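Under the working numbering, the residue at position 57 of the sequence shown is numbered 60, and the numbers go up by one with no gaps.
Note that CB positions come from ideal geometry on N, CA and C, so glycine has one too.
None of the values given here were measured: they were computed from a predicted structure.
Written out below as C-alpha coordinates is the structure these notes cover.
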Amino acid sequence: MRIFCAAAAMATIAWAPCHAANCSEGGGKALAIGSWTLGPIKADETRDFTFEINSSLKKPTKMVEGTIWFEDALGRSLNGWKLDPDFKVQAGATAEFVLSLGKLNFGKRLEHLNRDDLVATLCTEKVLYDDGTKEEFK
(Lines of atoms letter the chains of each structure in order from A and count residues from 1; the text may use other names and numbers.)
(Lines give C-alpha, C1' and ligand atoms only; values in the text may rest on other atoms or scores of the structure.)
Protein backbone atom coordinates (compact mmCIF):
# COMPACT_ATOMS: atom_id res chain seq x y z
CA MET A 1 0.00 0.00 0.00
CA ARG A 2 1.32 3.47 -0.89
CA ILE A 3 0.21 6.75 0.68
CA PHE A 4 1.41 10.07 -0.76
CA CYS A 5 1.31 13.27 1.28
CA ALA A 6 2.30 16.80 0.22
CA ALA A 7 3.41 18.60 3.37
CA ALA A 8 2.34 22.17 3.98
CA ALA A 9 4.55 24.70 5.75
CA MET A 10 5.08 24.77 9.50
CA ALA A 11 1.53 23.82 10.47
CA THR A 12 2.57 20.18 10.46
CA ILE A 13 5.03 20.83 13.27
CA ALA A 14 2.56 22.75 15.45
CA TRP A 15 0.44 19.65 16.07
CA ALA A 16 3.30 17.33 16.83
CA PRO A 17 4.77 16.45 20.22
CA CYS A 18 7.92 18.48 20.85
CA HIS A 19 10.39 15.69 20.25
CA ALA A 20 10.65 11.97 19.53
CA ALA A 21 11.79 11.49 23.14
CA ASN A 22 8.25 12.50 24.21
CA CYS A 23 6.85 9.44 22.46
CA SER A 24 5.26 6.88 24.77
CA GLU A 25 6.72 3.38 24.94
CA GLY A 26 3.74 1.85 23.12
CA GLY A 27 3.44 4.68 20.62
CA GLY A 28 7.01 4.16 19.50
CA LYS A 29 6.42 0.48 18.79
CA ALA A 30 2.88 0.35 17.36
CA LEU A 31 4.09 1.52 13.96
CA ALA A 32 7.81 1.68 13.23
CA ILE A 33 9.97 2.90 10.37
CA GLY A 34 11.71 -0.07 8.81
CA SER A 35 13.67 1.90 6.22
CA TRP A 36 13.59 5.25 4.47
CA THR A 37 15.02 6.92 1.38
CA LEU A 38 15.37 10.53 0.28
CA GLY A 39 14.79 11.19 -3.40
CA PRO A 40 16.51 13.80 -5.57
CA ILE A 41 15.37 17.42 -5.88
CA LYS A 42 12.58 17.54 -8.46
CA ALA A 43 11.77 20.30 -10.98
CA ASP A 44 9.30 21.88 -8.53
CA GLU A 45 12.10 21.97 -5.89
CA THR A 46 10.50 19.31 -3.70
CA ARG A 47 12.05 16.08 -2.46
CA ASP A 48 10.30 12.87 -1.51
CA PHE A 49 10.98 10.92 1.63
CA THR A 50 9.79 7.34 1.21
CA PHE A 51 9.22 5.40 4.43
CA GLU A 52 8.55 1.68 4.84
CA ILE A 53 6.32 1.52 7.92
CA ASN A 54 5.96 -1.74 9.83
CA SER A 55 2.86 -2.43 11.91
CA SER A 56 2.92 -4.44 15.12
CA LEU A 57 -0.79 -3.72 15.59
CA LYS A 58 -3.24 -6.62 15.87
CA LYS A 59 -5.86 -5.04 13.57
CA PRO A 60 -5.81 -3.07 10.30
CA THR A 61 -5.93 0.73 10.62
CA LYS A 62 -8.50 3.13 9.23
CA MET A 63 -6.88 6.33 10.56
CA VAL A 64 -3.64 7.13 12.37
CA GLU A 65 -2.42 10.12 14.33
CA GLY A 66 1.36 10.04 14.40
CA THR A 67 4.53 12.02 13.80
CA ILE A 68 7.72 11.09 11.97
CA TRP A 69 10.76 12.56 13.71
CA PHE A 70 14.37 12.89 12.66
CA GLU A 71 17.11 13.28 15.25
CA ASP A 72 20.86 13.47 14.95
CA ALA A 73 23.21 10.95 16.56
CA LEU A 74 23.29 13.07 19.74
CA GLY A 75 19.50 12.97 20.12
CA ARG A 76 18.79 16.54 18.96
CA SER A 77 15.51 16.89 17.13
CA LEU A 78 15.93 18.07 13.53
CA ASN A 79 12.38 18.10 12.27
CA GLY A 80 9.05 16.32 12.53
CA TRP A 81 6.11 15.82 10.21
CA LYS A 82 2.62 14.51 10.83
CA LEU A 83 1.70 11.21 9.23
CA ASP A 84 -1.22 11.44 6.81
CA PRO A 85 -4.26 10.76 9.04
CA ASP A 86 -5.70 8.43 6.37
CA PHE A 87 -2.61 6.21 6.40
CA LYS A 88 -3.72 2.59 6.34
CA VAL A 89 -1.76 -0.55 7.10
CA GLN A 90 -2.86 -4.13 7.63
CA ALA A 91 -2.18 -5.86 10.96
CA GLY A 92 1.42 -7.05 11.11
CA ALA A 93 2.14 -5.76 7.59
CA THR A 94 4.34 -3.12 5.98
CA ALA A 95 3.07 -0.10 4.03
CA GLU A 96 4.84 2.66 2.14
CA PHE A 97 4.35 6.32 3.02
CA VAL A 98 5.69 9.10 0.76
CA LEU A 99 6.16 12.58 2.17
CA SER A 100 6.88 15.33 -0.37
CA LEU A 101 8.68 18.33 1.13
CA GLY A 102 9.57 21.74 -0.27
CA LYS A 103 12.66 23.78 0.56
CA LEU A 104 11.04 25.76 3.39
CA ASN A 105 9.97 22.79 5.48
CA PHE A 106 12.82 20.41 4.77
CA GLY A 107 15.53 21.63 7.12
CA LYS A 108 19.10 22.37 6.00
CA ARG A 109 20.82 20.27 8.62
CA LEU A 110 18.73 17.21 7.80
CA GLU A 111 19.76 17.46 4.16
CA HIS A 112 23.49 17.68 4.88
CA LEU A 113 24.03 15.18 7.69
CA ASN A 114 25.51 11.78 6.98
CA ARG A 115 22.72 9.19 6.81
CA ASP A 116 24.48 7.15 9.53
CA ASP A 117 24.07 10.12 11.88
CA LEU A 118 20.29 10.31 11.41
CA VAL A 119 17.63 8.44 13.38
CA ALA A 120 14.05 8.32 12.06
CA THR A 121 11.28 7.52 14.55
CA LEU A 122 7.53 7.21 14.11
CA CYS A 123 5.58 8.19 17.22
CA THR A 124 2.01 6.89 17.08
CA GLU A 125 -0.43 8.87 19.22
CA LYS A 126 -3.83 7.40 18.25
CA VAL A 127 -5.25 4.73 15.95
CA LEU A 128 -8.75 4.13 14.62
CA TYR A 129 -9.08 0.52 13.55
CA ASP A 130 -11.21 -0.79 10.68
CA ASP A 131 -13.65 -2.28 13.21
CA GLY A 132 -14.31 1.20 14.70
CA THR A 133 -12.36 0.72 17.94
CA LYS A 134 -9.79 3.33 18.96
CA GLU A 135 -6.47 3.06 20.76
CA GLU A 136 -4.49 5.91 22.26
CA PHE A 137 -0.82 5.67 23.21
CA LYS A 138 0.18 7.80 26.20
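query: In whole angstroms, what is the alpha-carbon distance linking residue 77 and residue 65?; result: 35 Å
query: Could you give the uninterrupted runs of the beta strand (DSSP E) lying entirely in the region 43 to 80, keeping only those of 3 residues or more?; result: 49 to 58 and 64 to 75
query: Output needed for residue 120: all residues of its chain with C-beta closer than 7 Å, excluding positions within five of it in sequence on either side, in chain order.; result: 75 and 76
query: Please name the residue in 139, 124 and 141 whose C-alpha comes closest to that of residue 35.; result: 124
query: Out of 63, 105 and 130, point me to the one whose CA is closest to residue 41's CA.; result: 105
query: Should residue 39 and residue 53 be called a contact, given that it needs their Cβ atoms to be closer than 8 Å?; result: yes
query: How long is the line joining the alpha carbons of residue 96 and residue 61, rounded to whole angstroms?; result: 10 Å
query: In the DSSP assignment, the alpha helix (DSSP H) including residue 113 goes from what residue to what residue?; result: 111 to 115
query: I'd like the list of long-range same chain contacts for residue 44, defined as Cβ closer than 6 Å, with 5 residues on each side in sequence excluded.; result: 50
query: Between residue 140 and residue 130, what straight-line distance do the alpha-carbon atoms span, to the nearest angstrom?; result: 9 Å
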